[in-house]
Amino acid sequence: MSEGPEANDNGDDGAKVALVTGGARRLGSALARELSRLGYRLVINYLSSASEASALVHELEESGGSARAVRADVGSAEDVEAMLNSIRGQEGRLDLLVNNVGIYEPGPVEHLTVDSWDRCIQANLSGAFYCCHSSKGLLRASRGQVINIGYAGVESLGSHPLAMAYQVSKTGLLVLTRSLAVALAPEVRVNMISPGQLENSIDLPADIESAIPLGRAGTEQDIAGALRYLLGASYVTGVNIDVAGGYRLGS
């Protein structure tokens, strides 16, 4: 774990603090922007996207927000513990953990290597557990929340032979979400948001209008809307919200 290029000591000014893993790019950066707009101080975790993380921190600070970037491999328990120790020392609190990391390497089973399997499970599932385990004291103290990011249709337990490692990791994350919702209650709420096909998805279907009952791909703002709902839903825990326009309802 190492501090990012824009890691500043912001001190505890009373504002809520959010940690977004995989927060430098794509959906993670959109959620970070939304949280900053809502007044959260951001800790943006990244592994290899240093330039994107630095640019995002600069953008948020230019908009009047407070943010810093921290490099850590969430698949490493040691890196995660060091990252949380950094938050204890600099921010002094944690109100929201967004487990957004989602390694996705699709392909047939013939091309699925042991290394690829391990990388996906370690980052997507074990990494989320490491972050929850290391942050539980801070989250209990703030009566905070964990929001895990899954995928649309995860509850159906359908077959996804071209994305087995990803499916297994995110299905496990759903079970972890529900288990931790009970284990960490009543102080901490734990929920899941499962996006469907977004406009910037790497495998967006060509027949998107017929594949999705609402007739369009989702946007990052659609996911941010679910995030806002969960932030204010003080009596909701252990739930998974599909934000997918009806995608995979029939599967």
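Per our numbering, the sequence shown starts with residue -2, numbered consecutively. Quick reminder that beta carbons are idealized off the backbone N, C-alpha and C, glycines included. Nothing here was measured: the structure is a model prediction, and the numbers come from that model.
Given residue i as reference, the closest of the options once Cα atoms are compared
{"i": "A79", "options": "E59, H130, I100", "result": "H130"}
{"i": "N125", "options": "T234, A230, L173", "result": "A small fix is needed here, since residue 125 is Ala in this sequence, not Asn. Considering only alpha carbons, the answer is L173."}
{"i": "L24", "options": "G36, E49, Y37, A12", "result": "E49"}
{"i": "G99", "options": "A221, A138, I199, P210", "result": "I199"}
{"i": "R225", "options": "E31, A12, N82, G155", "result": "E31"}
{"i": "P158", "options": "I84, V106, G36, P202", "result": "V106"}
{"i": "R245", "options": "K133, G61, S156, A27", "result": "S156"}
{"i": "S46", "options": "L122, S26, G61", "result": "S26"}
{"i": "R85", "options": "G134, G222, L44", "result": "G134"}
7 Å Cβ cutoff met for residue i and residue j
{"i": "V54", "j": "A69", "result": "no"}
{"i": "V14", "j": "R90", "result": "yes"}
{"i": "K167", "j": "V187", "result": "no"}
{"i": "M189", "j": "G215", "result": "no"}
{"i": "A120", "j": "G72", "result": "yes"}
{"i": "L227", "j": "I118", "result": "no"}
{"i": "G19", "j": "N82", "result": "no"}
{"i": "T234", "j": "A178", "result": "yes"}
{"i": "V77", "j": "C128", "result": "yes"}
{"i": "L94", "j": "S123", "result": "no"}
Start and end residues, beta strand (DSSP E) containing residue i
{"i": "S191", "result": "186 to 192"}
{"i": "A29", "result": "Unbroken run through A29 is the alpha helix (DSSP H), 23 to 34; no beta strand (DSSP E)."}
{"i": "A66", "result": "64 to 68"}
{"i": "I199", "result": "Counting along the chain, I199 falls outside any beta strand (DSSP E), and DSSP gives it neither H nor E."}
{"i": "V17", "result": "14 to 17"}
{"i": "V165", "result": "Note, V165: premise wrong, no beta strand (DSSP E); alpha helix (DSSP H) at 161 to 180."}
{"i": "I238", "result": "237 to 240"}
Contacting residues, own chain, Cβ-Cβ under 6 Å from residue i (five flanking each side not counted)
{"i": "D239", "result": "A149, S191"}
{"i": "E102", "result": "S113"}
{"i": "Y232", "result": "none"}
{"i": "E206", "result": "G212"}
{"i": "S139", "result": "R90, D92"}
{"i": "A160", "result": "P103"}
Backbone secondary structure at residue i - three-state DSSP
{"i": "G99", "result": "coil"}
{"i": "R90", "result": "coil"}
{"i": "L39", "result": "strand"}
{"i": "N7", "result": "Annotation note: pLDDT 44 at N7 (below 50); position unreliable, coordinate value reported separately. Three-state result, N7: coil."}
{"i": "I118", "result": "helix"}
{"i": "G215", "result": "strand"}
{"i": "P2", "result": "Unreliable placement is indicated for P2, whose pLDDT of 40 sits below 50; no coordinate value is reported for it."}
{"i": "I146", "result": "strand"}
{"i": "I209", "result": "coil"}
{"i": "Y244", "result": "coil"}
{"i": "Y226", "result": "helix"}
{"i": "S83", "result": "helix"}
{"i": "V77", "result": "helix"}
Cβ-based neighbour list, residue i, same chain, cut-off 7 Å, excluding 5 preceding and 5 following
{"i": "W114", "result": "A162"}
{"i": "G242", "result": "G193, I209, P210, L211, R213, G215"}
{"i": "L171", "result": "G147, V151, E152, M189, N237"}
Close Cβ partners of residue i (< 8 Å) along its chain, the five nearest in sequence each way excluded
{"i": "A64", "result": "E3, A29, S33, R38, L39, V40, I41, L53, V54, L57, E58"}
{"i": "A12", "result": "G36, Y37, R38, S63"}
For residue i, the first and last residue of its enclosing alpha helix (DSSP H)
{"i": "L135", "result": "124 to 139"}
{"i": "A47", "result": "47 to 59"}
{"i": "S153", "result": "Premise fails: S153 is in no alpha helix (DSSP H) and is neither H nor E."}
{"i": "E107", "result": "Per DSSP, E107 belongs to no alpha helix (DSSP H) and is neither H nor E."}
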